[in-house]
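S.K.: I am attaching a structure below and will ask some questions about it afterwards.
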Amino acid sequence: MAKRSRLQCENFRKIEQSRNVSKQNYCFSDYSFPDDATDFPHNTEMRDYIYGYVKHFKLNEIIEYNTQVEKLERKGNEWQVTITTVSEDEQNRIIPVGEPTVIVAKYVAIATGHHAKPTWAKFPGEESFTGSIMHSVTYKDAEFNKLSEKRVVVVGIGNSAVDAVCNLVEVGRCKPVYLSTRSGAWLVPNYIFGCPTDHYANRLFLNLPWQLATRIFEAVITLVNGGPFALGLNPKMRALQTQPTVSPTLAHHIQRGEVKIMPNIKKIQGSSVHFTNDEVVKDVDQLIYCTGYKIDLPYLSDDIRADLLDDATNEISLFKNVFAPKIGPTLAFIGFVQPASGGVLSMSEMQARWFVELCKKTVTLPNQSEMNEIIDSDLNKTRDRYFHSARHTIQKDPIMYCDEIADFIGAKPSYLKHPDLAWRLLLGTNGPAQYRLDGPNPWKDASKTVKKVPLTGLMNYSGILVLFLFVILLINIYWTIYDLLGF
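What follows is the structure in structure tokens.
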């Protein structure tokens, strides 16, 4: 909805050089990465991919850049959108240009996503800190932020925190870097048995009871990566109760003493940071808060925002994370979902396709009462499964979520219609192209693209590994039943 300028698209720096999601799962359904792209695209490859997508579909002809939305109001059956033309100064600050104008639309999509407003941690004595404090949203690179050879404490254990920590060690030569976490994490490598880790999210695995699936996943992580407890990460949740922290190098830096895992911060005194285990790190130059984001919808009227968003819990009451029951199909929230694995790009695209079909009136939404019941049911499922934190309120398994949305528009892949792909549809991740096999706007290259996604299912395992996994499965079934029956 709010469109950033092209200048910001060019403002790429070194942090997060490569994505933690494979190219097969972080792409659009009808436009693949080039075959020679790396498995985990560099940010410059991602930029070129987006530019290529825009050029291929001639989107520049219909996008108005340098536009900021100030207000969105409902007037009868239409929406009034107050917009301002903006530019950027040398510090990348957005500067209004000219007077606000109002445009009227029958349908509006808010595609600002949920990473909108940085969340800042608060610690006793923070005001006395003699160094600098920043949020990860402003961290670009150890050299860019002038942190080379500084003493740095990073707060948080998500992918942004891990990217920053590894960048500080590798580029900034900051040794050691202190990584503070309250809840710990399950550390997952980029590859398991030679294939991208996110390729192991398939329909067979995701349809297992999550208590069983998490035992299998934890066993594999421990086999491949040594497990989080050996690294001092000490997670307070099961592996599938959170979004795994993905890094190919963090374990290596911990083992070499270049990264020190610390518990939560107890207090700050001057340049000293005190932790809850009574350890103290002195002469700290920089605190980096990688403490996530909150959903923020400042342009919505107070009454609409109050109906949708609980600021205290960061829960948003939307049917399948897209539509408000009181409003209906005229206002869509695109990207307000957090993938448990894989990328948000395919999930957002599926939401957008659903919205388009609703605009065309080829499909309809359930009635308001039914949508509210489903929202309550989905929220309860999320609360029951995921670790209780603002980060997990909109967490979804991408394949299962996209299957639900695709079913609304007739784009869910069918085993019967595509028997040659049935094994892949069950055991493979397949990428977003699987949702162009059927339904509106099918893609002629969809089947070929699905077949190009590497398979990690049983057909690729050796007989010994199949036997090993089968034994693990039997053991975990036993312990899951044991836990469920309360013995």
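FYI, in my numbering the residues of the sequence shown are 27 to 513.
Backbone N, C-alpha and C fix where the C-beta goes; we use that ideal spot for every residue, glycine too.
(1) Have a look at 58, 89, 88, 87 and flag the residue whose alpha-carbon is nearest the alpha-carbon of residue 74.
(2) I need the straight-line Cα distance from residue 415 to residue 266, nearest angstrom please.
(3) According to DSSP, is residue 488 part of a helix, a strand, or is it coil?
(4) Below 8 Å, can you find three or more Cβ-Cβ pairs linking the stretch 278-297 to the stretch 231-251?
(5) Determine the DSSP secondary structure at residue 161, reduced to helix, strand or coil.
(6) Should the stretch 445-452 be regarded as contacting the stretch 365-384, the criterion being three or more beta carbon pairs within less than 8 Å?
(7) Going by DSSP in three states, residue 56 sits in which element: helix, strand or coil?
(8) Expressed to the nearest angstrom, what Euclidean distance is found between the alpha-carbon atoms of residue 305 and residue 178?
(9) List the DSSP bridge partners of residue 144.
(10) Would residue 130 be called buried (16 or more neighbouring beta carbons within 10 Å of its own) or exposed?
(11) With a CB to CB cut of under 6 Å and the five nearest residues on each side skipped, what residues in its chain are close to residue 426?
(12) Return the first residue and the last residue of the beta strand (DSSP E) that residue 121 is part of.
(13) Does the count of Cβ pairs from the stretch 339-359 and the stretch 390-399 closer than 8 Å reach three?
(14) Straight-line CA distance for residue 47 to residue 101?
(15) Could you please give the first and the last residue of the uninterrupted beta strand (DSSP E) stretch that includes residue 104?
(16) Tell me whether the beta-carbon of residue 93 lies closer than 8 Å to the beta-carbon of residue 111.
(17) Three-state secondary structure (DSSP) at residue 282?
(18) Check whether the stretch 209-225 touches the stretch 338-350, taking contact to mean three or more Cβ pairs, one atom from each stretch, closer than 8 Å.
(19) Is the stretch 148-160 touching the stretch 312-322, taking contact as three or more C-beta pairs under 8 Å?
(20) Look at the alpha carbon of residue 288 and the alpha carbon of residue 239, and state the distance between them as a whole number of angstroms.
(21) Which residue marks the beginning of the beta strand (DSSP E) containing residue 181, and which one marks its end?
(22) Using CA atoms only, rank isn't needed, just tell me which of 83, 327, 277, 95 is closest to residue 122.
(23) Looking at residue 457: is its Cβ nearer than 8 Å to the Cβ of residue 432?
(24) Could you please give me the residues that DSSP links to residue 370 through a beta bridge?
(25) Below 6 Å CB to CB, which residues in the same chain sit around residue 472 once its five sequence neighbours on both sides are set aside?
(26) Buried or exposed: which applies to residue 86, given that a residue is buried once 16 or more other Cβ atoms fall within 10 Å of its Cβ?
(27) Buried or exposed: which applies to residue 278, given that a residue is buried once 16 or more other Cβ atoms fall within 10 Å of its Cβ?
(28) Could you tell me the alpha carbon to alpha carbon distance between residue 418 and residue 332, rounded to whole angstroms?
(29) To the nearest whole angstrom, what separates the beta carbons of residue 211 and residue 261, a pair I think is in contact under 8 Å?
(30) Is it buried or exposed, residue 169, if we count other Cβ atoms within 10 angstroms and call 16 or more buried?
(31) By DSSP, does residue 292 sit in helix, in strand, or in coil?
(32) Determine the direct distance from the alpha carbon of residue 56 to that of residue 469, and round the result to whole angstroms.
(33) Specify the secondary structure class of residue 509 as computed by DSSP and reduced to three states.
(34) Residue 221 bridges to which residues according to DSSP?
(35) Can you find a heavy atom of the ligand HEM that lies under 7 Å from the Cβ of residue 345?
(36) Over what stretch of residues does the beta strand (DSSP E) that includes residue 100 continue unbroken?
M.R.: Here's the rundown:
(1) As a first step, residue 74 must be located in the sequence shown, where it is residue number 48. The candidate whose alpha carbon is nearest that of residue 74 is 58.
(2) Stepping through the sequence shown from its first residue, residue 415 is reached at position 389. Stepping through the sequence shown from its first residue, residue 266 is reached at position 240. Each residue's Cα considered, the two are about 14 Å apart.
(3) Locating residue 488 in the sequence shown gives position 462, counting from the first residue. Annotation note: pLDDT 43 at residue 488 (below 50); position unreliable, no value reported.
(4) The stretch 278-297 is not in contact with the stretch 231-251.
(5) Locating residue 161 in the sequence shown gives position 135, counting from the first residue. Reduced to three states, the DSSP call for residue 161 is strand.
(6) no
(7) As a first step, residue 56 is located in the sequence shown; it is residue number 30 there, counting from the start. DSSP places residue 56 in coil when its eight states are reduced to three.
(8) Taking the sequence shown and counting its residues from 1, the one referred to as residue 305 is at position 279. Taking the sequence shown and counting its residues from 1, the one referred to as residue 178 is at position 152. Rounded to whole angstroms, residue 305 to residue 178 spans 15 Å at the Cα level.
(9) What you label residue 144 is simply residue 118 of the sequence shown in a count that begins at 1. Paired residue(s): 319.
(10) The residue labelled residue 130 in the question sits at position 104 within the sequence shown. It counts as exposed.
(11) Indexing the sequence shown from 1 puts residue 426 at position 400. Excluding residues up to 5 positions away in sequence, 232 lie with their Cβ nearer than 6 Å to the Cβ of residue 426 in the same chain.
(12) Counting from 1 along the sequence shown, the entry for residue 121 is found at position 95. Segment 120-131, the beta strand (DSSP E) holding residue 121.
(13) yes
(14) Translated into positions along the sequence shown, residue 47 becomes position 21. Translated into positions along the sequence shown, residue 101 becomes position 75. Looking at the two C-alpha atoms, the distance is approximately 41 Å.
(15) Taking the first residue of the sequence shown as 1, we reach residue 104 at position 78. Segment 104-114, the beta strand (DSSP E) holding residue 104.
(16) For the purposes of this step, residue 93 is identified with residue 67 of the sequence shown, where counting begins at 1. For the purposes of this step, residue 111 is identified with residue 85 of the sequence shown, where counting begins at 1. Yes. Within cutoff.
(17) Taking the sequence shown and counting its residues from 1, the one referred to as residue 282 is at position 256. It is coil, neither helix nor strand.
(18) no
(19) yes
(20) Position 262 of the sequence shown holds residue 288. Position 213 of the sequence shown holds residue 239. Each residue's alpha carbon lies about 29 Å from the other.
(21) Here the question's residue 181 lines up with position 155 in the sequence shown. Taken as a continuous stretch (DSSP letters only), the beta strand (DSSP E) holding residue 181 covers 178-181.
(22) In the sequence shown, counting from the first residue as 1, residue 122 sits at position 96. Ranking 83, 327, 277, 95 by Cα distance to residue 122 puts 95 first.
(23) On the sequence shown, residue 457 is found 431 positions in, with the first residue counted as 1. On the sequence shown, residue 432 is found 406 positions in, with the first residue counted as 1. No, the Cβ-Cβ distance between residue 457 and residue 432 is not below 8 Å.
(24) Here residue 370 corresponds to residue number 344 of the sequence shown, with the count starting at 1. In the DSSP output, where bridge partners are listed per residue, residue 370 has none listed.
(25) Sequence index remark: in the sequence shown, residue 472 carries index 446 (1-based). Result list for residue 472: 459, 462, 463, in chain order.
(26) In the sequence shown, the residue the question calls residue 86 occupies position 60. Exposed is the call here.
(27) Within the sequence shown, residue 278 is the residue found at index 252, counting from 1. Answer is exposed; the Cβ neighbour count stays below 16.
(28) Locating residue 418 in the sequence shown gives position 392, counting from the first residue. Locating residue 332 in the sequence shown gives position 306, counting from the first residue. Answer to the nearest angstrom: the Cα atoms are 20 Å apart.
(29) Taking the sequence shown and counting its residues from 1, one reaches residue 211 at position 185. Taking the sequence shown and counting its residues from 1, one reaches residue 261 at position 235. 6 Å between Cβ atoms; contact.
(30) Here residue 169 refers to the residue found at position 143 of the sequence shown. Burial check for residue 169: the Cβ neighbour count within 10 Å stays below 16, so the residue is exposed.
(31) Mapped onto the sequence shown, residue 292 falls at position 266. Correct three-state label for residue 292: strand.
(32) Counted from its first residue, the sequence shown places residue 469 at position 443. Counted from its first residue, the sequence shown places residue 56 at position 30. So the two alpha carbons sit approximately 6 Å from each other.
(33) In the sequence shown, the residue the question calls residue 509 occupies position 483. In the three-state DSSP reduction, residue 509 falls in the helix class (H, G or I).
(34) Indexing the sequence shown from 1 puts residue 221 at position 195. According to DSSP, which records beta bridges pairwise, residue 221 is partnered with 218.
(35) Of the ligands one can find in the structure shown there are none, so the ligand HEM has no counterpart to examine.
(36) In the sequence shown, counting from the first residue as 1, residue 100 sits at position 74. Counting along the chain, the beta strand (DSSP E) containing residue 100 begins and ends at 93-101.
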